[in-house]
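These notes are about the structure you will find just below.
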DNA sequence: TCAAAAAGTAAATCCAGGCTAACTTTTGGA
DNA sequence: TCCAAAAGTTAGCCTGGATTTACTTTTTGA
């Protein structure tokens, strides 16, 4: 298993989300979504390539490898669980829930995430 | 108001906790608690001094300024709320709750923290 | 079709926050 | 009292992740 920084996890997640909408994900698309410069994206992609998590030919589009996609889906799944918990249980606003989920998704333990999932199940039955 | 990194918030929090137990907090004490080297602590303390959050004479002990103590208490307070929520509501183990609280305390929004506090109040009444 | 715009990259720089090695100052016990 | 151990500092290094400037490659539309 890889250790990925929060930053690299974010890149994978964004690529995954962009893939779901439009195909042909490029450096510029990612830069826009994350609000950072294009060279920063190029550099991060290089690092992901070294870890075999994305494939990109020079000047070409970016695609996730199976392994990269697996990680991206896992991060995004955590994101959705957290967002649901924040909005439905804690009644946090959509905007803030989105922001907080984006940060917590990278640092939360497996145990706590599972605790939240379990709570959500019971909560839906009761509430 | 200051913007402090997660790392600097941690230093303030540790100094505050050490102050509550033994007086005379030194570089070595902090290094031991955080598991990092003494020079790293010296460097961080310098930064906190520049922000007027701690006072330390050369080769001397470290004390929080009123402003530093205010921030430290605020961080530690968030920590305690999160830990309580994780252990009492989500039934997370003490160890994991401690680890997760230590990370989440630096990134959580005011709105979400207040949401948790509110939830804890109601939860105590019901449970 | 070909030139300008858009997309992508390279190089050099900055900062935070770790580290080790080597130094200085303080302290405490024989 | 005085010197060795403990505490603290300095200097130099490394990495991740961002930046800007200036470059190359690709695309596109008049």
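Residue numbers (the numbering used here), protein chains in the order written: chain C, 1 to 127; chain Y, 1001 to 1127. All C-beta atoms, glycine included, are put in the ideal place defined by N, C-alpha and C.
With a CB to CB cut of under 7 Å and the five nearest residues on each side skipped, what residues in its chain are close to residue 65/C?
52, 53, 54 and 55
Bounding residues of the alpha helix (DSSP H) (the contiguous stretch that carries residue 48/C)
38-50
In terms of residues, what are the limits of the alpha helix (DSSP H) holding residue 1009/Y?
Going by DSSP, residue 1009/Y is part of the alpha helix (DSSP H) stretching over 1006-1020.
Does the structure place the stretch 92-108 of chain C close enough to the stretch 1014-1034 of chain Y that three or more beta carbon pairs sit under 8 Å?
no
Give the secondary structure of residue 90/C by DSSP, where H, G and I count as helix, E and B as strand, and everything else as coil.
coil
Taking Cβ-Cβ distances shorter than 7 Å, what residues in chain Y pair up with residue 115/C?
1090, 1091 and 1092
Is any beta-carbon of chain Y found at less than 8 Å from that of residue 103/C?
yes
Whose C-alpha, out of 102/C, 9/C, 45/C and 20/C, is nearest the C-alpha of residue 59/C?
45/C
Determine whether the beta carbon atoms of residue 1113/Y and residue 1097/Y lie at a separation below 8 Å.
Cβ distance not < 8 Å, so residue 1113/Y and residue 1097/Y don't count as in contact.
Would you please verify whether the beta carbon of residue 1005/Y is less than 8 Å from any beta carbon of chain C?
no
Tell me which residue opens and which closes the alpha helix (DSSP H) that residue 1067/Y is part of.
1066-1084
I'd like the span of the alpha helix (DSSP H) that includes residue 1175/Y, first residue to last.
One cannot answer for residue 1175/Y here, as it falls past the ends of chain Y, which runs 1001 to 1127.
With a threshold of 8 Å on Cβ separation, who are the neighbours of residue 71/C within its own chain once the five nearest residues in sequence on each side are excluded?
2, 4, 9, 12 and 53
Residues near residue 16/C by beta carbon distance below 7 Å, same chain, minus five either side:
64, 69, 72, 73 and 76
Nearest by alpha-carbon distance to residue 974/Y: which of 1047/Y, 1078/Y and 1042/Y is it?
There is no way to answer for residue 974/Y, as the model of chain Y reaches only from 1001 to 1127.
Hey, is residue 1086/Y's beta-carbon within less than 8 Å of any beta-carbon in chain C?
yes
Using DSSP bridges, identify the partner residues of residue 1054/Y.
1064/Y
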